[in-house]
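Undergrad: Just dropping this structure here.
Residue numbers (the working numbering), protein chains in the order written: chain G, 2 to 316; chain F, 2 to 316.
Here it is, written out as structure tokens:
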């Protein structure tokens with residue numbers, strides 16, 4: 002399947018009543034420090050605190066009544082879990098969420114708060130998939146993958162679409178890359194709605210699978226996984242990888258120290274709470290200032306769901 | 002001197018080119034928790050990260066050329082220091098700031114960053130005043146008090162004026178009280194621009210001088226001073242106290258635990274960085290829900306200048 006311009010436009014219409022049109026903010030200080038003119042798309046202010054609701058909502062709304070009436074299932078310890086729980090509640094069906102049994106209480110509570118049923122599993126990929134399969138077999142619920150799903154990708158594309166509509170003629174857009182849902186959506190929206198805009202991805206050095214996958218021309222795992230950017234740990238999927246391979250300009254990696262320095266700037270200067278994964282693109286820009294000097298750059302602050310007790314470890 | 006409606010209107014015109022019209026934000030979650038309909042005036046997004054620039058800017062701009070050409074002086078370890086440094090730079094005169102020698106580096110650097118000259122003193126009121134007097138004697142600079150100054154009070158009044166213009170017919174406004182500059186300005190703006198709006202103040206239990214002063218009918222010191230709300234440690238002045246005495250409905254005190262709980266809500270749910278002093282009014286509302294249930298309430302988030310390393314102590 003190819004995601005077309007029309008698919009993205011239809012997705013945007015479909016989800017608009019359920020999401021926020023998040024604000025685009027600027028910071029003179031960060032512009033001075035970076036030498037670029039930056040426009041921050043604040044998905045930390047989005048429903049559920051992250052862009053994930055766009056893809057989750059679009060996927061749930063795109064399912065025929067018949068298919069979604071037995072509920073929606075997914076596995077996630079993060080923002081996608083909340084997105085599916087929220088979206089299912091909005092359309093009045095059940096959500097079944099498989100979460101690792103070491104998930105933070107705050108995330109479990111958030112998912113419960115949206116009325117979803119939670120199934121705990123051991124914190125590994127095999128247990129996740131097995132438990133999910135059991136849930137699907139038992140309930141007949143429809144599985145919505147966190148990123149390797151065309152409707153999810155199309156939903157995430159609406160974020161860059163909004164940014165482009167508000168700030169035309171951006172030279173660059175930077176998005177974070179984990180499984181590639183947001184990045185591939187961003188690439189498609191830049192391609193269709195602002196053809197001259199070049200898209201870079203920011204990736205943690207401690208989850209550097211995307212840069213390796215692009216280099217080797219096939220989906221690779223990260224050489225090692227150790228980063229505070231806990232939303233970007235996953236590998237690319239067979240639906241996100243080809244889009245990224247075709248359109249991304251480059252993938253810029255950053256260390257956890259650089260992520261924390263970027264967070265510090267955002268908290269101190271913009272007074273915004275953004276999660277580590279969300280500032281990875283800003284960290285990448287600050288590490289590569291010459292690439293962006295004097296240019297108009299859109300940066301997606303992908304989410305703001307931070308465990309507050311972690312702040313003491315970082316700052 | 003009596004501050005009139007016209008004074009506030011003129012101050013607003015005077016400072017408008019130099020300040021941000023800060024946004025008014027809402028939170029469905031906090032409305033649900035509180036039972037009130039709350040409109041947050043986000044002065045954490047203001048220039049220098051706090052409302053103080055309004056009063057500082059108005060006081061500096063109100064000085065005749067002749068009086069300000071030898072520079073502006075003040076003593077402050079906090080947001081007023083930055084406000085005066087910023088305002089002096091805007092009008093092209095020198096700023097002389099007396100700061101306690103235990104001031105955090107981040108605050109010293111911010112003041113230096115605006116080009117002010119800093120004079121360190123021992124961290125007590127006597128040393129502050131002595132050092133300030135020396136500086137004024139030596140330089141001929143004009144002293145602008147952090148709050149006990151009519152132009153400062155008039156400048157701070159523009160914050161509630163903007164809130165009232167954006168959200169008409171508020172039942173209540175809540176502001177924090179330290180020295181009383183913001184509170185007295187808020188009271189005057191409510192009186193002149195939204196006569197039926199009732200104003201409450203929030204005060205830390207660990208700096209409870211205003212509630213005692215109102216009770217005793219004269220300016221009192223706090224019984225003890227120990228709170229994380231470091232912007233609210235000062236006592237009322239002879240220019241702020243009479244206004245507060247005349248117009249305030251009541252002063253609601255909160256503990257540091259209640260301040261931290263309110264901060265947690267704001268960081269987690271609104272994704273905003275607000276300093277402890279800034280959430281005191283929200284903490285006061287949450288402690289006194291029945292007073293505000295079902296009502297339209299404006300709350301002033303007075304500032305967002307947090308030392309990030311403190312976050313680990315609080316959360």
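All C-beta atoms, glycine included, are put in the ideal place defined by N, C-alpha and C.
List the residues of chain G whose Cβ lies closer than 8 angstroms to the Cβ of residue 50 of chain F, in chain order.
TA: Those are 272, listed as they occur along chain G.
Undergrad: Mind listing the chain F neighbours of residue 1 of chain G? Cutoff is C-beta to C-beta under 7 angstroms, in chain order.
TA: The structure shown does not extend to residue 1 of chain G, since chain G is modelled only from 2 to 316, so the question has no answer here.
Undergrad: Under 8 angstroms by Cβ, that's how I've got residue 186 of chain G and residue 149 of chain G pegged, so tell me the actual separation to the nearest angstrom.
TA: So it is not a contact: roughly 13 angstroms between Cβ atoms.
Undergrad: Using 8 angstroms as the Cβ pair cut-off and three pairs as the minimum, do the segment 192 to 208 of chain G and the segment 78 to 97 of chain G touch?
TA: Result no; under three Cβ-Cβ pairs closer than 8 angstroms.
Undergrad: Should residue 55 of chain F and residue 99 of chain F be called a contact, given that it needs their Cβ atoms to be closer than 7 angstroms?
TA: Their beta carbons are not under 7 angstroms apart, which means residue 55 of chain F does not touch residue 99 of chain F by this criterion.
Undergrad: Restricting to Cα atoms, I'd like to know which of F:272, F:123, F:229, F:246 is closest to residue 281 of chain F.
TA: Here the closest residue by C-alpha is F:229.
Undergrad: Buried or exposed: residue 21 of chain G, going by 16 or more other Cβ atoms within 10 Å of its Cβ?
TA: So residue 21 of chain G ends up on the exposed side.
Undergrad: Consult DSSP for residue 212 of chain G and reduce its assignment to one of helix, strand or coil.
TA: The answer is helix: DSSP assigns residue 212 of chain G an H, G or I state.
Undergrad: Against chain F, does residue 316 of chain G count as a neighbour if the rule is that its beta carbon must be under 7 angstroms from one of theirs?
TA: At least one chain F Cβ lies under 7 angstroms of residue 316 of chain G.
Undergrad: Determine, using beta carbons only, whether residue 309 of chain G comes closer than 7 angstroms to chain F.
TA: Yes - at least one Cβ of chain F is within 7 angstroms of the one on residue 309 of chain G.
Undergrad: Is the beta carbon of residue 322 of chain G less than 7 angstroms from the beta carbon of residue 59 of chain G?
TA: Lying before the first or after the last residue shown, residue 322 of chain G is absent from chain G, which here runs from 2 to 316.
Undergrad: Counting beta carbon pairs with one atom in the segment 232 to 242 of chain F and one in the segment 209 to 217 of chain F, are three or more of them shorter than 8 angstroms?
TA: Yes: at least three Cβ pairs fall under 8 angstroms.
Undergrad: Taking the runs of the beta strand (DSSP E) that are 3 residues or longer, which of them lie wholly in the segment 91 to 123 of chain F?
TA: If we require 3 residues or more, the beta strand (DSSP E) runs fully inside the segment 91 to 123 of chain F come out as 96 to 101, 118 to 122.
Undergrad: In chain order, what residues of the same chain have a beta carbon less than 6 angstroms from the beta carbon of residue 68 of chain G, not counting five sequence neighbours either side?
TA: 143, listed in sequence order.
Undergrad: Report yes if the C-beta distance between residue 202 of chain F and residue 178 of chain F is below 7 angstroms; otherwise report no.
TA: Contact flag set, yes.
Undergrad: Can you pull out the residues from the segment 250 to 276 of chain G whose beta carbon lies closer than 7 angstroms to at least one beta carbon of chain F?
TA: The segment 250 to 276 of chain G vs chain F, Cβ under 7 angstroms: 265, 268, 269, 272, 273, 274.
Undergrad: If we cut at 7 angstroms on Cβ distances, does residue 312 of chain G have a partner in chain C?
TA: Checking the listed chains, one finds no chain C in this structure; the protein chains it contains are G and F.
Undergrad: Reducing DSSP to helix, strand and coil, say where residue 305 of chain G ends up.
TA: It is coil, neither helix nor strand.
Undergrad: Who are the near neighbours of residue 92 of chain F in its chain, counting only those whose CB is closer than 8 angstroms to its CB and skipping five residues on each side?
TA: Only 61, 62, 69 meet the Cβ criterion.
Undergrad: Below 6 angstroms, is the gap between the Cβ of residue 7 of chain G and the nearest heavy atom of the ligand ZN?
TA: With respect to the ligand ZN, the structure shown offers nothing to examine, as it has no ligands at all.
Undergrad: If you scan the segment 2 to 79 of chain F from start to end, which runs of the alpha helix (DSSP H) of 4 or more residues do you find wholly inside it?
TA: As far as the segment 2 to 79 of chain F is concerned, its whole alpha helix (DSSP H) runs of at least 4 residues are 6 to 16, 29 to 35, 53 to 63, 66 to 69.
Undergrad: DSSP three-state call for residue 268 of chain F: helix, strand or coil?
TA: Note: residue 268 of chain F maps to helix in three-state DSSP.
Undergrad: Taking 8 angstroms as the threshold, find out whether the segment 165 to 179 of chain G comes into contact with the segment 295 to 307 of chain G through three or more Cβ pairs.
TA: Yes, they touch.
Undergrad: Could you name the residues of the segment 232 to 248 of chain F whose beta carbon sits closer than 7 angstroms to any beta carbon of chain G, in the order they occur along the chain?
TA: Under the 7 angstroms Cβ criterion, the segment 232 to 248 of chain F contributes no residue.
Undergrad: Name the chain G residues whose beta carbon is nearer than 9 angstroms to that of residue 79 of chain F?
TA: Ordered by position in chain G, no residue passes the 9 angstroms Cβ test against residue 79 of chain F, which lies about 15 angstroms from the chain.
Undergrad: What does DSSP give as the partner residue(s) for residue 173 of chain F in the beta ladder?
TA: Answer is F:199, F:298.
Undergrad: Please name the residue in F:303, F:217, F:315, F:268 whose C-alpha comes closest to that of residue 28 of chain F.
TA: Per the Cα distances, F:268.
Undergrad: Please check the pair residue 145 of chain F and residue 75 of chain F, which I expect to be a contact at CB under 8 angstroms, by giving their CB distance rounded to whole angstroms.
TA: Residue 145 of chain F to residue 75 of chain F, Cβ: 5 angstroms. Contact.
Undergrad: Spatial neighbours of residue 248 of chain F within its chain, please: CB distance less than 7 angstroms, with the 5 preceding and 5 following residues excluded, ordered by chain position.
TA: The residues are 188, 192, 200.
Undergrad: Quick check on residue 305 of chain G - is its C-beta less than 7 angstroms from some C-beta in chain F?
TA: For residue 305 of chain G, the answer is yes, since a Cβ of chain F falls inside 7 angstroms of its Cβ.
Undergrad: Which term fits residue 2 of chain G, buried or exposed, when burial requires 16 or more other beta carbons within 10 angstroms of its beta carbon?
TA: Exposed, because fewer than 16 other Cβ atoms sit within 10 Å of the Cβ of residue 2 of chain G.
Undergrad: Looking only at DSSP bridge pairs, what is residue 251 of chain G linked to?
TA: Paired residues: G:201.
Undergrad: With respect to the alpha helix (DSSP H) encompassing residue 164 of chain G, which residues constitute its N-terminal and C-terminal limits?
TA: Here the alpha helix (DSSP H) through residue 164 of chain G covers 151 to 167.
Undergrad: Going by DSSP, name the residue or residues bridged to residue 332 of chain G.
TA: Residue numbering for chain G in the displayed model covers 2 to 316; residue 332 of chain G lies beyond these limits and cannot be assessed.
Undergrad: Would residue 65 of chain F be called buried (16 or more neighbouring beta carbons within 10 Å of its own) or exposed?
TA: Label assigned to residue 65 of chain F: exposed.
Undergrad: What did DSSP end up calling residue 144 of chain G once you bin it into helix, strand or coil?
TA: Strand, per DSSP.
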